[in-house]
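Asks: Numbering (the working numbering), first residue to last: 213 to 309.
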């Protein structure tokens, strides 16, 4: 589940990066339309760039959060795996903590 969320955020981040590249290459007076749900609204270049940068920051924060969660889960898995090996190796069986 975390992997899927992480992949979706990475994809969204790449899309934002591509949009920013295109906008930064566009002239200042270019006609820009921004998708808001199902509607396309005319916007100016600087507002659209600012909006995309905010989205990019949000996606980066979410990506870092997911990476930390993934690390904690992996650490807990390794810890439980070691406990299981110890319990099975000692022949005592697995007990709940």
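Built from N, CA and C at the ideal position, the CB exists for glycine as well.
Residue range of the beta strand (DSSP E) that residue 251 falls in?
Replies: Start and end: 251-255.
Asks: Should the segment 280-299 be regarded as contacting the segment 244-261, the criterion being three or more beta carbon pairs within less than 8 Å?
Replies: Cβ pair count under 8 Å is below three, so no.
Asks: Could you name the residues of the same chain whose beta carbon sits closer than 6 Å to that of residue 225, not counting the 5 residues immediately before and after it, in chain order?
Replies: The residues are 271.
Asks: Measuring straight from C-alpha to C-alpha, what distance separates residue 228 and residue 300?
Replies: Roughly 50 Å separates the two Cα atoms.
Asks: Beta carbon of residue 214, beta carbon of residue 275: below 8 Å?
Replies: Their beta carbons are not under 8 Å apart, which means residue 214 does not touch residue 275 by this criterion.
Asks: I think residue 264 touches residue 238, with their Cβ atoms under 8 Å apart; what is that distance to the nearest whole Å?
Replies: Going by Cβ atoms, the distance from residue 264 to residue 238 rounds to 13 Å, so no, they are not a contact pair.
Asks: Nearest by alpha-carbon distance to residue 221: which of 284, 269, 240 is it?
Replies: Considering only alpha carbons, the answer is 269.
Asks: Put residue 302 into one of helix, strand or coil per three-state DSSP.
Replies: DSSP places residue 302 in helix when its eight states are reduced to three.
Asks: Starting from residue 234, follow the alpha helix (DSSP H) in both directions and report where the run begins and ends.
Replies: That run of the alpha helix (DSSP H) goes 214-237.
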